[in-house]
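Position one of the sequence shown corresponds to residue 768 (the numbering used here), numbered consecutively onward. Contents: one structure, followed by commentary.
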Amino acid sequence: MTNLTSQKVLHIAPVVVVVVVGALLIAFDTGAGPRSTHKIWLGVVLAESAVALLFRRRHPVGALAGVLTTFVLFDAPAVSLLPLLVALFTVVGSRPRLTGVAAVGVSVGAVVAAALLHDGGFNVGHQGLVPLTALALAYVTGLRMGPRLTTS
Numbered sequence: 768m769t770n771l772t773s774q775k776v777l778h779i780a781p782v783v784v785v786v787v788v789g790a791l792l793i794a795f796d797t798g799a800g801p802r803s804t805h806k807i808w809l810g811v812v813l814a815e816s817a818v819a820l821l822f823r824r825r826h827p828v829g830a831l832a833g834v835l836t837t838f839v840l841f842d843a844p845a846v847s848l849l850p851l852l853v854a855l856f857t858v859v860g861s862r863p864r865l866t867g868v869a870a871v872g873v874s875v876g877a878v879v880a881a882a883l884l885h886d887g888g889f890n891v892g893h894q895g896l897v898p899l900t901a902l903a904l905a906y907v908t909g910l911r912m913g914p915r916l917t918t919s
């Protein structure tokens, strides 16, 4: 496999994983919980996130902004958390450290804002522990692996 082909695979594979996992989550959604949203809107959120992630190599901050917008506006964290992590990983790994820190800060703010906007309050155990831990892991992974992925 040539270097160009391996770079394309590394660029497209996370988007494919996001789409497959998101489609499975939408397909198996029972629609009974408070976070249930119509499947068409969930599909729109997934499609927007996938398109934003396809542009993440050229415009990583713009891709993160698009994913954060859908995360805050639509009450679908199960579908939109994984694209948020991929976009954050890309920003942290491909931009200067200060930009990565700012991206994490904005992402944490978006998680808290989405919980306040849709649930009326922020409960660290319910809405915060999983997404905030995942954001921290994406940040650390982006710091450690990002330079290797962007220089090869």
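Don't be surprised by glycine CBs; every beta carbon is placed ideally from N, CA and C.
Apart from the five residues just before and just after residue i, which ones in its own chain have a Cβ nearer than 8 Å to its Cβ?
i	result
Gly829	Ala819 and Phe822
Leu902	Leu851, Leu852, Leu855, Val871, Ser874, Val875 and Val878
Gly895	Val878, Val879, Ala882 and Phe889
Trp808	Phe841 and Ala843
Spatial neighbours of residue i within its chain, please: C-beta separation below 6 Å, excluding the five flanking residues on both sides.
i	result
Ser919	Note that Ser919 scores 48 on pLDDT, short of 50, meaning its location in the model is unreliable; the coordinates nonetheless yield the value given after this. Same-chain partners within the cutoff: there are none.
Val812	Thr837, Phe841, Ala843, Val846 and Ser847
Given that a residue counts as buried once 16 or more other Cβ atoms are within 10 Å of its Cβ, and exposed if not, what is residue i?
i	result
Val834	buried
Leu865	exposed
Val784	exposed
Phe795	exposed
Leu957	Since the first and last residues shown for the chain are 768 and 919, residue 957 lies out of range.
Ala780	exposed
Thr857	buried
Val787	exposed
Pro827	buried
Leu849	buried
Give me the Cβ distance between residue i and residue j, rounded to the nearest whole Å; I'm assuming they're in contact under 8 Å.
i	j	result
Val839	Leu792	Not confirmed; about 19 Å, so no contact.
Leu910	Val859	6 Å
Ser861	Gly810	Not really, about 29 Å apart at Cβ, beyond 8 Å.
Kindly list the residues whose CB is nearer than 7 Å to the CB of residue i, restricted to its own chain and excluding five residues on each side of it in sequence; keep chain order.
i	result
Glu815	Gly833 and Thr837
Leu899	Val875 and Val878
His778	Arg824
Leu904	none
Checklist line | Every unbroken alpha helix (DSSP H) inside the segment 825–885 [4 residues or more] | finding: 827–840 and 844–861
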